[in-house]
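Taken in order, these protein sequences are the chains called Y and B.
Just so you know, we're using this note's numbering here: the first sequence kicks off at 955 and counts up by one.
Just so you know, we're using this note's numbering here: the second sequence kicks off at 9 and counts up by one.
Note that CB positions come from ideal geometry on N, CA and C, so glycine has one too.
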Amino acid sequence: MNAVELRNVTKSFGPTIAVDGLDLDIRQGVIHGFLGPNGSGKTTTIRMILSILYPDDGQVSVLGKASAHDSKQRIGYLPEERGLYPKMKVGAFLSYLASLKGVPSQGMRDRVLDWLERVELADKIDTPCEDLSRGMKQKVQTLQALIHQPDLLILDEPFSGLDPVNRRLMADLFLAEAERGCTLILCTHMMHHAEELCDHIVMMNLGRKVLDGPIREVRKLESGILQCEPVSDHDPDSLLSIPGVKSVRRDAHELRIHLEAGVDGSTLIPDVTRIVPCSRIEIERPSLEDVFIETVAKAKT
Amino acid sequence: MIRRVYLIARHEFVKTVFTRAFAFLIALPISLATIPLFIGGGIAGIAGVAQMFGSDEEEAPSVVILHVADASGQLDPPAAVSIDEFDIQIVPVPVKDARKMAAADDSEQAATFLLVVHPDAMTTEEDSFTLYFDQEEAEEKSQVRNIARDWIRDARFVHAGFDPQVVEDLRSVSGDIERLDIITRTEEVAFLAKKGLPFAVLLLMYMTATVGGNGLLTSTIEDRNTRMVEILLGSVSPQELMLGKLVGHLGASVMLAVFWGGPAIPFIIGSSILAFVGPIQVMYVFAFFVVATLTYATGMGAIGSAVNDVRQAQLLITPVALGTLAAMAPAVYVGVYPDTGLSVFFSLCPPFGVYAMAVRLTTESGAPHWQVWLSLLLSAGFAALLLAASGRIYRLGLLLRGSPPNLRTLLRWMFTP
Chain Y
955 MNAVELRNVT
965 KSFGPTIAVD
975 GLDLDIRQGV
985 IHGFLGPNGS
995 GKTTTIRMIL
1005 SILYPDDGQV
1015 SVLGKASAHD
1025 SKQRIGYLPE
1035 ERGLYPKMKV
1045 GAFLSYLASL
1055 KGVPSQGMRD
1065 RVLDWLERVE
1075 LADKIDTPCE
1085 DLSRGMKQKV
1095 QTLQALIHQP
1105 DLLILDEPFS
1115 GLDPVNRRLM
1125 ADLFLAEAER
1135 GCTLILCTHM
1145 MHHAEELCDH
1155 IVMMNLGRKV
1165 LDGPIREVRK
1175 LESGILQCEP
1185 VSDHDPDSLL
1195 SIPGVKSVRR
1205 DAHELRIHLE
1215 AGVDGSTLIP
1225 DVTRIVPCSR
1235 IEIERPSLED
1245 VFIETVAKAK
1255 T
Chain B
9 MIRRVYLIAR
19 HEFVKTVFTR
29 AFAFLIALPI
39 SLATIPLFIG
49 GGIAGIAGVA
59 QMFGSDEEEA
69 PSVVILHVAD
79 ASGQLDPPAA
89 VSIDEFDIQI
99 VPVPVKDARK
109 MAAADDSEQA
119 ATFLLVVHPD
129 AMTTEEDSFT
139 LYFDQEEAEE
149 KSQVRNIARD
159 WIRDARFVHA
169 GFDPQVVEDL
179 RSVSGDIERL
189 DIITRTEEVA
199 FLAKKGLPFA
209 VLLLMYMTAT
219 VGGNGLLTST
229 IEDRNTRMVE
239 ILLGSVSPQE
249 LMLGKLVGHL
259 GASVMLAVFW
269 GGPAIPFIIG
279 SSILAFVGPI
289 QVMYVFAFFV
299 VATLTYATGM
309 GAIGSAVNDV
319 RQAQLLITPV
329 ALGTLAAMAP
339 AVYVGVYPDT
349 GLSVFFSLCP
359 PFGVYAMAVR
369 LTTESGAPHW
379 QVWLSLLLSA
389 GFAALLLAAS
399 GRIYRLGLLL
409 RGSPPNLRTL
419 LRWMFTP
């Protein structure tokens, strides 16, 4: 079952087409990485999912409803441009936003305290938001999206401004929400976060979806690399005779052998070592960043 | 939806009302009323201090010594006379050595005068006396001369066989001078109250609507600047957000109106002069006040959603403020001539009706109930249309970054579904 469905959704701002005929299925209970370069249409898509913006054309369905208006209380949203009421105390701020999400006022303080304890900010419940450090503010802003325990959690760059320890803390919170059954949409430019957390990747470029699939499948789309350290000087071009080798590049004392898409590097190791005796040979798995750069480059050409 | 609107309204109300600026606004009429008291008290205080420090010299009256040399032999001066700020000690002296004796009695502390009454003083029309003084700056010269004249006049009456007191009584004719009042004082107060009430209501409506509208403007700008707007829009719809803010700031305006105008309501209702204003009229005026505030605040909210700061808002506020003033202008005419056909038209037709009918209701002529309800319906409908159009600006403007849109763009947004 899908938590979010977009069918042929288009949105323009004047002459600029921000989202162009987008079809998207976000499966329930799955962590989705929503990737794309700046201006690719990610934020516009998210705003349409949340019914902050309305599509010019196409249909949006969120948590089984025709519009997010009918299900906003079941959605948690952390926008990229985060905000706080500077003069409000942390507890009052979280209580206010939780109450807007339909959390009953009875037991509210305990709930707020519980969530603050999870991010090690329980002692800040009566501190004005403006007196918090940047990292603390970031945690409070994230809590406002989680406090009502939503069914759909949309996080736009949730790790920006956090140190590694707090990044781990927040990642654990998100994983715990996913285990609870919450669907997560994680927008990020930091590919290693997407690789670490996401089960499924959607990549956008110039308003169109250019990639959509489970992370293992996505990685397979990009060619792998064999890294080897030859024992003596050899002509790298001699390796191009091996079927499945796309290109070879010398990098200091190493040779980087780029393979064609779908080729299993391990099957080529005997042929490579026969032509170029090596003291060391490794298979380098393609990173999501490689996929991202490759996909964007392809789209440009 | 109602719960979310209520929560936003409560948040906005608390955020607005529990501030020093709002406390200042509430206290403003009290402060203005106390200014005359402060000024009066200050003047009284300064006068008191001046009196305290200047008392030594002013309290003791100066002393004047008046030597009287009566050559006519008819004068009967008293031993002493007290006039305002000085005492006159009278010393009779013989005519022959009058100058010498007066000079011998000269004192630096007291002004010394010598009155020489001429022998024919009782009959002559020429000079009857000569008054000598020793100090050029003596301020008592004219008073002493008048006293001398009175003495000689009384002596002449006696000399002619009249009792000076009888003559004085006969000369004295008293009479009252009173203003001829066509309008009595009570009628004058009643006239002012009747003419002043509609304009007081108009002023109160404008001031509270302005406060509510400006509150919504700054609150919306604050939400944009603190980046809270997208978080809020993730929780509620733009319409709910705008409505909640409107209701919250309307509540603050109502509170202000209650503090500013509320104390006067029992007096107005209880006054026999303003007997034409009853609880029903007060309720009607309150309803128009609510619609006026909503109408003004709606425009300000839309502007707040489309600008980054108050400075940018100024350019767009001007048309809204001018529009509001234009809507209010006919109400002044209605306040003066409430019975004319034009007044009835203005009090029914939006956007003038909201102010004009409120004013008309507080005139002696009043307005029929059906006209009040029709005006209220039309004004509320106009406010709802404006709210819907402003809602479009609000929805589009809230997430806009960079240069603010111009008036033309805002109008295009208003009429674009």
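For Y/K1055, which three-state DSSP category applies? coil
Should B/R11 go down as buried or exposed, given a rule of 16 or more other Cβ atoms within 10 Å for buried? exposed
Which residues does DSSP list as the beta-bridge partners of Y/P1082? Y/K1043
Determine whether the beta carbon atoms of Y/H1268 and Y/Q982 lie at a separation below 8 Å. A query on residue 1268 of chain Y cannot be resolved here, the shown segment of chain Y reaching from 955 to 1255 and no further.
Pick out whichever of B/I281, B/F297 and B/Q82 has its Cα sitting closest to the Cα of B/H167. B/Q82
Buried or exposed: which applies to B/R420, given that a residue is buried once 16 or more other Cβ atoms fall within 10 Å of its Cβ? exposed
So Y/L1165 packs on Y/T1249, CB below 8 Å; how close in whole Å? 6 Å
Listed in chain order, which residues of the segment 231-261 of chain B have Cβ atoms closer than 8 Å to some Cβ of chain Y? D231, T234, R235, M236, V237, E238, I239, L240, L241, G242, S243, V244, S245 and P246
Considering only their Cβ atoms, is the gap separating Y/L1070 from Y/K1078 smaller than 8 Å? yes
Less than 8 Å between CB atoms is the rule here; does B/R400 satisfy it with respect to chain Y? no
Check for me: the beta strand (DSSP E) holding Y/K996 runs from which residue to which? Note, Y/K996: premise wrong, no beta strand (DSSP E); alpha helix (DSSP H) at K996 to I1003.
Whose C-beta lies closer than 8 Å to the C-beta of Y/E1236 among residues of the same chain, with five residues either side of it excluded? L1180, Q1181 and C1182
Scan the segment 1040-1072 of chain Y for residues whose Cβ lies nearer than 9 Å to a Cβ of chain B and list them as they occur along the chain. P1040, K1041, M1042, Y1050, L1051, S1053, L1054, K1055 and G1056
Can Y/L1138 and Y/E1131 be called in contact, C-beta distance under 8 Å? yes
Beta-ladder partner(s) of Y/Y1031, from DSSP: Y/I1108
Residues sharing a beta bridge with Y/K1163, DSSP: Y/M1158
For B/F390, which of helix, strand or coil comes out of DSSP? helix
Simplified DSSP state of B/A35, which is helix, strand or coil: helix
Under 8 Å Cβ-Cβ, which residues of chain Y neighbour B/R12? L1054
Cβ contact (3+ pairs, closer than 8 Å) linking the segment 306-319 of chain B and the segment 217-227 of chain B: yes
Excluding the five sequence neighbours on either side, which residues of its own chain have a C-beta within less than 7 Å of the C-beta of Y/H1188, listed in chain order? V1230
Jot down the residue ranges of each uninterrupted beta strand (DSSP E) in the segment 280-322 of chain B, minimum 3 residues, whole runs only, in chain order. none
From the DSSP output, in three-state form, read off Y/V1245 for me. helix
Let me check one thing: in DSSP terms, what residues is Y/Q1013 bridge-paired to? Y/R961
Taking 8 Å as the threshold (beta carbon to beta carbon), is B/L15 in contact with chain Y? yes
Report yes if the C-beta distance between B/H75 and B/V57 is below 8 Å; otherwise report no. no
Note down, in chain order, all residues in the segment 363-395 of chain B with a beta-carbon under 7 Å from any beta-carbon belonging to chain Y. none
For Y/Q1103, which three-state DSSP category applies? coil
Can you tell me the Cβ-Cβ gap for B/V244 and B/I54, rounded? I've got them flagged as a contact below 8 Å. Contact flag wrong, Cβ pair sits at about 60 Å.
Using three-state DSSP, classify Y/I1259 as helix, strand or coil. The displayed coordinates of chain Y run from 955 to 1255. Any statement about residue 1259 of chain Y would go beyond what the structure contains.
B/V152 and B/A77 closer than 8 Å at C-beta: no
Which partner residues of B/Y140 appear in the DSSP bridge assignment? B/L122
Cα-Cα separation between B/V174 and B/E93, rounded to whole angstroms: 29 Å
In chain order, what residues of the same chain have a beta carbon less than 6 Å from the beta carbon of Y/S994, not counting five sequence neighbours either side? M1158 and N1159
With 16 other CB atoms within 10 Å as the buried threshold, where does B/T120 fall? buried
Which residues of chain B have a Cβ atom closer than 7 Å to the Cβ of Y/E1150, listed in chain order? Neighbours of Y/E1150 on chain B: none; closest Cβ ~25 Å, over 7 Å.
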